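The next block holds one structure in the form of structure tokens; read it before the comments.
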Amino acid sequence: MSRHCYVVGCSNGDYRIKLWKSVKCTTHLVYQGDLPCDCPQPFILYPFPGAVRDPEGQYRWKKAINRADPNKLYTFLEPTQNMVVCSHHFVGGKKTIDNPDPELHLIEKANKRPVQDKSGHERKEDALLERNSIRTMHR
Ligand SMILES: [Zn+2]
Ligand SMILES: [Zn+2]
Numbered sequence: 001m002s003r004h005c006y007v008v009g010c011s012n013g014d015y016r017i018k019l020w021k022s023v024k025c026t027t028h029l030v031y032q033g034d035l036p037c038d039c040p041q042p043f044i045l046y047p048f049p050g051a052v053r054d055p056e057g058q059y060r061w062k063k064a065i066n067r068a069d070p071n072k073l074y075t076f077l078e079p080t081q082n083m084v085v086c087s088h089h090f091v092g093g094k095k096t097i098d099n100p101d102p103e104l105h106l107i108e109k110a111n112k113r114p115v116q117d118k119s120g121h122e123r124k125e126d127a128l129l130e131r132n133s134i135r136t137m138h139r
């Protein structure tokens, strides 16, 4: 099963790692990623926080990436086993205790459809943000 980054517009996945590993390292003279080559992989693929072990973490990831389910109104696309998030979206290029959630290179308007959380707060916040940015622009 080939894994692929869940972020809309990102094409990182297992096949790119495979491609990278098929290239000979010019420094270590072996295939990249084979010992003794310790050149860093172009990215790491992180599985979603488990729905049972860390439902809040999973929700934060889904909310940050904001990928709508094309078949359901106001619902995030449920990540499957082969949907992962690549390290490209984490501050510092990797998942850490300080930066456990994807924050970078996320397309803001990836969804045409607004996704609302249960309380309906999100859309109000968005409207507020938009109003504030307009105000700053006109200043
Ligand atoms: Zn190397
Ligand atoms: Zn990605």
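Take 1 as the starting number for the sequence shown in UniProt numbering and just add one per residue.
The beta-carbon is built from N, C-alpha and C at its ideal position, and this holds for glycine as well.
Model, not experiment: these values are computed from the prediction.
Given residue 87, which residues of its chain have a CB within under 6 angstroms of its CB, disregarding the five upstream and five downstream residues?
So the list reads 43, 44, 93 and 94, once near-sequence residues are dropped.
Is residue 78 near residue 91, with beta carbons less than 9 angstroms apart?
Contact flag unset, no.
Between 89, 30 and 70, which lies nearest to residue 61 when the distance is taken from Cα to Cα?
89 is the residue among 89, 30 and 70 whose C-alpha sits nearest the C-alpha of residue 61.
Quick test of your reading: residue 15 and residue 85, contact by CB under 8 angstroms. State the CB separation rounded to the nearest angstrom.
Not quite, the Cβ-Cβ distance comes to about 16 angstroms (not below 8 angstroms), so this is no contact.
Is the beta carbon of residue 37 within less than 8 angstroms of some heavy atom of ligand 1?
Residue 37 Cβ: within cutoff of ligand 1.
Counting by C-beta, which residues lie closer than 5 angstroms to a heavy atom of ligand 2, in chain order?
Listed along the chain, these residues meet the criterion: 5, 7, 10, 12, 86 and 88.
Spatial neighbours of residue 100 within its chain, please: C-beta separation below 6 angstroms, excluding the five flanking residues on both sides.
Correct list: empty, nothing qualifies.
Separation of residue 73 from residue 22, as counted between CA atoms:
Rounded to the nearest angstrom, the gap between the Cα atoms of residue 22 and residue 73 is 42 angstroms.
Beta carbon of residue 41: closer than 8 angstroms to some heavy atom of ligand 1?
Shortest gap from the CB of residue 41 to any heavy atom of ligand 1: 8 angstroms or more.
Endpoints, the beta strand (DSSP E) within which residue 47 is located:
Run containing residue 47: 45-47, per the beta strand (DSSP E) assignment.
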